[in-house]
Amino acid sequence: MSSTRMRIVLASAGALALATQFAVANAHAAVPHAAATTHTVSAQPVAAGTTYTAAQVLAGVKSHSTSSTKVNTKPHINTMTRAMNVNVYQVATGVYAYSSSMAIDDDGSDPDPDPDHQGQTTFQDSNGKQLGAHHVPYFVLGDDCWDKKTPCPHFFYKEHGISGRQFALVFYKSKVIGAIFGDTQTGNSQTTSSNDSRELGEASVKAASLLGIPSSGTTGGVDNGVTVVIFSGSSWVVNGTNSNLSNNAQALVQKALNTLGPKVVG
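According to the numbering used here, the sequence shown is numbered sequentially starting from 58.
What follows is the structure in structure tokens.
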């Protein structure tokens, strides 16, 4: 389980940059020799039926994040600021989005100097190994329904077809990356931590590094400006090991943009 990082790091606004496009690999294909890649956000328009840019999709996600698409009936907690102002929206069928902070999770098999580092993550790679926060870009969701009700008044991943290693697009400033669901915030039954399963806004060292966010487990993170878009269902579960999960997730970025684009753009 991830531990609370109570840090205040101001997020700066950034200008949108031109997108770099790359070929989309199969969701389950290993790409052991490809370097992890970030995509830059471009505001340039494209014709119908062609490739969607990150800027177009992010704008579409925000335009579909309205009261009519909100999933939770009670607000979530921004992990960094502790403000109860984070909501989750179903922006398309089976696609869920929220904007919040990025606190840094350094748990898992990679060693880390953070005194709160834990050697386990909630989910493991395809070989059953604990995920390595320095190698795998993963995001964090609540471990259970804080309210202990069904349906949950807060967004609870098990009610929405989301499982371990579920793929997400993560946007910050001029970049978008692929990430997987790798760890959870403490559940109600765990009383030894100040964490709260209503928190949203935490991701791994690798995710932060790819996005240009300070990635230290003790001093890193940003308060706001990070948007996570989760694609539910078994076809969006990413397979692989600690050595290639990042590459496999990045290989799905353009496919995800093109899948969501027609549903939210224009």
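Cβ coordinates follow ideal geometry from the N, Cα and C atoms, glycine included.
With burial defined as no fewer than 16 other Cβ atoms inside 10 Å of the residue's Cβ, what is the status of residue i: buried or exposed?
i: S303; result: buried
i: N301; result: buried
i: Q223; result: buried
i: T276; result: exposed
i: K232; result: buried
i: S156; result: buried
i: S291; result: exposed
i: G199; result: buried
i: S125; result: exposed
i: Q311; result: buried
i: M159; result: buried
i: M141; result: exposed
i: G318; result: buried
i: P194; result: buried
i: S289; result: buried
i: K215; result: exposed
i: K230; result: buried
i: T136; result: buried
i: G185; result: exposed
Taking C-alpha atoms, which residue in the options lies nearest to residue i?
i: Y153; options: H217, A308, S254 and P319; result: H217
i: N252; options: Y146, T123, R139 and T107; result: R139
i: P170; options: L317, V262 and L267; result: V262
i: D280; options: V294, V295 and E256; result: E256
i: D173; options: I234, L267, I270 and I161; result: I161
i: L314; options: S166, S122, V227 and V295; result: V227
i: L268; options: Q307, T241, F238 and D167; result: Q307
i: T284; options: G117, T179, G189 and H191; result: G117
i: H192; options: G297, C202, V128 and T150; result: G297
i: G235; options: T179, N305, G274 and S220; result: N305
i: D163; options: D182, V128, G278 and T150; result: G278
i: D167; options: V295, G274, T123 and L309; result: G274
My assumption, with CB atoms under 8 Å, is that residue i sits in contact with residue j. Please give the rounded CB distance.
i: Q175; j: V322; result: Q175 to V322, Cβ: 40 Å. No contact.
i: A260; j: F196; result: 5 Å
i: P208; j: K131; result: About 12 Å separates the two Cβ atoms, so there is no contact after all.
Among all the DSSP beta bridges, which residues are the ones paired with residue i?
i: Y229; result: K232 and V283
i: N135; result: L257
i: K127; result: Y146
Legend entry - Inside the segment 143 to 226 only - beta strand (DSSP E) runs reaching at least 3 residues: 146 to 149, 152 to 162 and 195 to 199
Inset, instruction - Please list the segments of the beta strand (DSSP E) lying wholly inside the segment 237 to 322, counting only runs of 3 or more residues, in order along the chain. - result: 259 to 261 and 279 to 288
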